[in-house]
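Engineer: First the structure, which I've put down as structure tokens, then a few questions once you've had a look.
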Amino acid sequence: MSNVFQYPHVVTQDEIDEQGHANNVVYVGWMQDAAVAHSATLGWTAQRYLDMGKGWVARSHKIEYLRPAFAGDEIIVETRVADMKKVTSKRLYRIVRRHDGELLATAETHWAFINYETGRPTRIPEEIIHGYPLDD
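When you line the sequence shown up against our numbering, it's residues 1147 to 1282, in that order.
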């Protein structure tokens, strides 16, 4: 993936399920944390979106689980924005275990850009489109 942001995380005991590995649901949290951190590094903080009165909501997530993660594993959530359309955007993810480079999961989230007051989709401003590196 080009234009990749890397978000490090250490799997906590609280994220482990009865099968002894990270619960599937926590992967979505890792994805969210990585997306928010990536946006913030580009100057698009939660506060900036609040001040604008507009921002992102998730429409769908797709995750393919390939290998388990365990408590204490250092993982990297790699993410990038794949596209931006009129009111939607797709973000891609790869979740990798640091010490052996094992690919644990691949994922994508489809986001909609909304007006916070109305809750309705609204056009993504040019300053946001140009604020995120996209593939050519």
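The C-beta atom is built at its ideal place from N, Cα and C for all residues, glycine as well.
1) With DSSP as the reference, label residue 1152 as helix, strand or coil.
2) Once DSSP output is grouped into helix, strand and coil, what is the label at residue 1217?
3) Measuring CA to CA, which of 1269, 1214, 1183 is closest to residue 1227?
4) What are the start and end residues of the alpha helix (DSSP H) that includes residue 1187?
5) By how many angstroms is the C-alpha of residue 1156 removed from the C-alpha of residue 1216?
6) Could you check the C-alpha separation between residue 1171 and residue 1214 for me, to the nearest Å?
Structural biologist: By the coordinates alone:
1) strand
2) coil
3) 1183
4) 1170 to 1187
5) 9 Å
6) 13 Å
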